[in-house]
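Number of protein chains: 4
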Amino acid sequence: MNKTKTKKARRKRAAPVSAKPGRTEKSVARREAILAAALEEFAARGFEGARLDDVARRAGVAKGTIYLHFRDKETLFQELIRSTLTPIVAMIEAAGKTDMPLRAVFDHLAGAFVREVLGTQRKDIVRLILSEARRFPKLAEYYYREVPERAFAAVRGLVRKAIDRGEIVDDTLFWFPQLIIAPALVAVVWDGLFDKYEKLDAEAMLRAHFNLVFNAIERRPS
Amino acid sequence: MNKTKTKKARRKRAAPVSAKPGRTEKSVARREAILAAALEEFAARGFEGARLDDVARRAGVAKGTIYLHFRDKETLFQELIRSTLTPIVAMIEAAGKTDMPLRAVFDHLAGAFVREVLGTQRKDIVRLILSEARRFPKLAEYYYREVPERAFAAVRGLVRKAIDRGEIVDDTLFWFPQLIIAPALVAVVWDGLFDKYEKLDAEAMLRAHFNLVFNAIERRPS
Amino acid sequence: MNKTKTKKARRKRAAPVSAKPGRTEKSVARREAILAAALEEFAARGFEGARLDDVARRAGVAKGTIYLHFRDKETLFQELIRSTLTPIVAMIEAAGKTDMPLRAVFDHLAGAFVREVLGTQRKDIVRLILSEARRFPKLAEYYYREVPERAFAAVRGLVRKAIDRGEIVDDTLFWFPQLIIAPALVAVVWDGLFDKYEKLDAEAMLRAHFNLVFNAIERRPS
Amino acid sequence: MNKTKTKKARRKRAAPVSAKPGRTEKSVARREAILAAALEEFAARGFEGARLDDVARRAGVAKGTIYLHFRDKETLFQELIRSTLTPIVAMIEAAGKTDMPLRAVFDHLAGAFVREVLGTQRKDIVRLILSEARRFPKLAEYYYREVPERAFAAVRGLVRKAIDRGEIVDDTLFWFPQLIIAPALVAVVWDGLFDKYEKLDAEAMLRAHFNLVFNAIERRPS
DNA sequence: CATGAATGAGAATTCATTCAT
DNA sequence: CATGAATGAATTCTCATTCAT
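Chains as they are written, first to last, in numbering that gives the first Met the number 0: chain A, 0 to 221; chain B, 0 to 221; chain C, 0 to 221; chain D, 0 to 221.
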């Protein structure tokens, strides 16, 4: 008689909607406070390690309040990732539509990355994705669709245009757009793990990388 | 921050010595079995998510036996990382002492990386470090001293020799040795998160990267 | 992204077997202690109202120990019902196979019921079934198959034989075997709810009921 | 026993008066809506299992509104039972005052029971009393005074009159009036637990029961 | 009166760690 | 050395009740 069920599947009708509930300023503010607190805690301890108790305390709300805004811990985590990603995705989309020279676009994106990601808590979100997405396949797919897939499609478009315009003579970046962002990944990881042992000037590294790459692929004046 | 570190300080009396205990064959075999099982479980669920119960079951030993070989869960985790790292460190040391042309050394290391890391469970160890090391500063430092510090020192030595020999004309890699391994990091991350959505030919990517880099820095025959 | 799932479905591999785990005397004794404590608590507060904390305390074990023997609260509840029912089912089966006069069989069963059910904690189990089975359809079906279905089949067999033998001249009990046990149900309910306000001599009531019934259906010597 | 009654005594300040509040039509309607919703929820999940959230939703009021009409969950429960019982008590009182033949009275009551209880949600109230009254001694006593005590007094009066009039020759029902309603109890229980496995024609069963009983006790024309 | 967001005391369940056998 | 039953602190999630609007 039901020996093998995995879990109780406790009651839970009429889901707490998860997304934006009330509309009051207070309500929105609380939601933001919870997300901010969650970012700190998840970043510091990972998904499993973070305690909702601490999130609540840090957000200045009662434990139960979290559940008025997010169905459960996992939902809170995913909403956190999502809401942080949205503006980044917008930035990527915008970058793909420009007609500036390739090098200029990358320089601009590198600056934005250093300023808007590395320089803010958004880098923690990136780290969280690196650390946890594997255990949340839905999240991994969402992230894949929103970020690398779009970003690489944009890069490919830009590279093709640059070739067509004669700016560059090599299509390596078309086939491996990963190569252009690889140092950014290094920067995030380094910042999280080794910064206290050795500083890394991420912006300089990114610039050096672009120099190498464009030195290799730019049309050289004979 | 880090206000409420209640957790990690539970009971912990008379520590069972931790390191390599007896010398019996059986004992050593058990230790290996536990480490192998731990790798699987930690890789699949992360440090917090893994259960020693599952490690024991997978290793075919009783739960208590784990404690005969490792002081606690954290020690098991760190020993796992350490023991996996040892041969990699040796490889790095060896690579730094060669006199082969720089390009040849990197090609060789890339092959070794694809074969010995990406193609084995060692990639899971790398991922675990990326994911968890932040919460284990001791581990992060150990890893930093053993791997990137040594590896980058080796790279710097090789680069200097290559410049001295006139093989290359650019010292970017001396200042940012990270740039040469960045795509390897991408490969590990991609493999863990996105492989099911889009395959990535890591070896081809690494080769393409070297082509770009060396095209940029090699002395060009006038 | 998975907005509508009902519950976390937390990990739970390799079910804790639920039934008899170890084989030690101690283990069996603990299991019994837990079941006994559970009976008290469930009987006093119902399924939802009972707290496993109290069950553990009453059984003299730690909270976690309960989970070594029973997958969860529901399983504990159902095993409790089941293990109590088993001997009752056996009794019913035996009663159906006799060749005694119908009246004698019922007299015997009534005695057994008063002695073995009303006079023991088994009456609490009956009450629990009345109270809770509706919320555990699996349990309700199990109970139905084991008790009323068998019991009424037995009654019908006995009634038919009694008619064939000319003991009784009426087949009402064949069509409504419920009528013969109805007062027993009243006795259980009364005992639970009203005994403190007015005592009910259950045995006398059952006897009076049989007198009525047999007075109505027995072949009357013209 | 009952060592650890921690539960039922949480906060409870400035009680909101409990009983019938305002007099507005709206107010009365709301109260009725809440009671109706409460019946559904308590019947489906029991006292502990029912959630006031669901009651409020079903009644179309806010959660706080319940507390404007009922002091707390327990009060709501008891008022529900009480208000449902009132008309039943009236029916019993009326039945006790008739001068119809005993058999006719019972036939009439059986019809009323099938129509007004079994055929309506009132049967759920009966079930709730069977299930929960034990945990609410006040409720049990109230119910005892209002229903069985009165009903059995009425039955005894009717029986005595029937004997005096020479309708029946046996006083069993005087001593055990429970015997006359026992099948009704069976009908309620069966309906709740086993109806899906086997239908029970309650009315036919009650009639068959009366036939048996009156066949046994009616003065037989010599 | 009505609302429903907020609260926080629980309650079920998990799992690292211990220890008697 | 090995075992695995037992422990109990910790953690997530629930829901009766309150109270500011």
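All C-beta atoms, glycine included, are put in the ideal place defined by N, C-alpha and C.
Item: For residue 44 of chain C and chain D, any beta-carbon pair shorter than 8 angstroms?; Value: yes
Item: Using CA coordinates, which residue listed in A/173, A/181, A/113, A/34 is at the minimum distance from residue 69 of chain A?; Value: A/34
Item: Along the chain, where does the alpha helix (DSSP H) containing residue 199 of chain D start, and where does it finish?; Value: Here residue 199 of chain D belongs to no alpha helix (DSSP H), and DSSP marks it neither H nor E.
Item: Could you tell me whether the Cβ of residue 78 of chain C comes closer than 8 angstroms to any Cβ of chain D?; Value: no
Item: From the DSSP output, which residues share a beta bridge with residue 80 of chain D?; Value: Residue 80 of chain D is not bridged to any residue.
Item: Just the C-alpha distance for residue 121 of chain C and residue 192 of chain C, rounded to the nearest angstrom, thanks.; Value: 16 angstroms
Item: Taking only runs that begin and end inside the segment 73 to 128 of chain D, name each unbroken beta strand (DSSP E) of 3 or more residues, in chain order.; Value: none
Item: Between which two residues does the alpha helix (DSSP H) containing residue 158 of chain D stretch?; Value: 147 to 163
Item: How would you call residue 78 of chain D, buried or exposed, if buried means at least 16 neighbouring beta carbons within 10 angstroms?; Value: buried
Item: Under three-state DSSP, which class holds residue 47 of chain C?; Value: helix
Item: Do you know how far the Cα of residue 25 of chain B is from the Cα of residue 198 of chain A?; Value: 46 angstroms
Item: Return the residue from the list B/205, B/216, B/208, B/126 that minimises the CA-CA distance to residue 165 of chain B.; Value: B/216
Item: Which class does residue 39 of chain B belong to by DSSP, given the choice of helix, strand or coil?; Value: helix
Item: Mind the definition here: the segment 125 to 134 of chain D touches the segment 180 to 194 of chain C only if three or more C-beta pairs lie below 8 angstroms; say whether that holds.; Value: yes
Item: If distances are taken between C-alpha atoms only, which option among D/138, D/103, D/91 comes closest to residue 115 of chain D?; Value: D/91
Item: Closer than 7 angstroms by beta-carbon distance: list the chain D residues that pair up with residue 147 of chain C, in chain order.; Value: 193
Item: Would you check whether the ligand FAD has a heavy atom nearer than 7 angstroms to the C-beta of residue 83 of chain C?; Value: Absent from the structure shown: the ligand FAD. Ligands present: none.
Item: Which residues in the same chain have their Cβ closer than 8 angstroms to the Cβ of residue 137 of chain D, if we skip the five residues on either side of it in sequence?; Value: 77
Item: I'd like to know whether the C-beta of residue 107 of chain C is nearer than 8 angstroms to at least one C-beta of chain D.; Value: no
Item: So the alpha helix (DSSP H) residue 277 of chain D belongs to, where does it begin and stop?; Value: Nothing in the structure corresponds to residue 277 of chain D, since chain D is present only between 0 and 221.
Item: According to DSSP, simplified to helix, strand and coil, what is residue 131 of chain C?; Value: helix
Item: For residue 161 of chain D, which residues from the same chain have a beta carbon less than 8 angstroms from its beta carbon, with the 5 sequence-adjacent residues on both sides left out?; Value: 100, 101, 167
Item: Is it true that the segment 199 to 209 of chain D meets the segment 171 to 189 of chain C, where meeting means three or more beta-carbon pairs spaced less than 8 angstroms apart?; Value: yes
Item: So residue 190 of chain B is in the alpha helix (DSSP H); what residue range does that whole segment cover?; Value: 177 to 192
Item: Between which two residues does the alpha helix (DSSP H) holding residue 65 of chain A run?; Value: 62 to 68
Item: Please identify, using Cβ separations under 9 angstroms, the residues of the segment 116 to 147 of chain C that lie next to chain D, in order along the chain.; Value: 126, 128, 129, 130, 131, 132, 133, 134, 136, 139, 140, 142, 143, 144, 147
Item: Could you tell me which of D/40, D/103, D/133 sits nearest to residue 42 of chain C, measuring between CA atoms?; Value: D/133
Item: Closer than 8 angstroms by beta-carbon distance: list the chain D residues that pair up with residue 204 of chain C, in chain order.; Value: 175, 177, 178
Item: Residue 196 of chain A versus chain B: which residues are under 7 angstroms apart at the beta carbon?; Value: 140, 143
Item: In chain A, which residues lie less than 9 angstroms from residue 212 of chain B when you measure between Cβ atoms?; Value: 211, 212, 215
Item: Taking the CB atoms as reference points, tell me whether residue 183 of chain D and residue 105 of chain D lie closer together than 8 angstroms.; Value: no
Item: Which value, in whole angstroms, describes the spacing of the CA atoms of residue 159 of chain D and residue 219 of chain C?; Value: 27 angstroms
Item: Going straight from the alpha carbon of residue 36 of chain C to that of residue 117 of chain C, what length do you get?; Value: 19 angstroms
Item: Measuring CA to CA, which of B/62, B/140, B/204, B/89 is closest to residue 153 of chain B?; Value: B/89
Item: Are any of the Cβ atoms in chain D nearer than 8 angstroms to that of residue 74 of chain C?; Value: no
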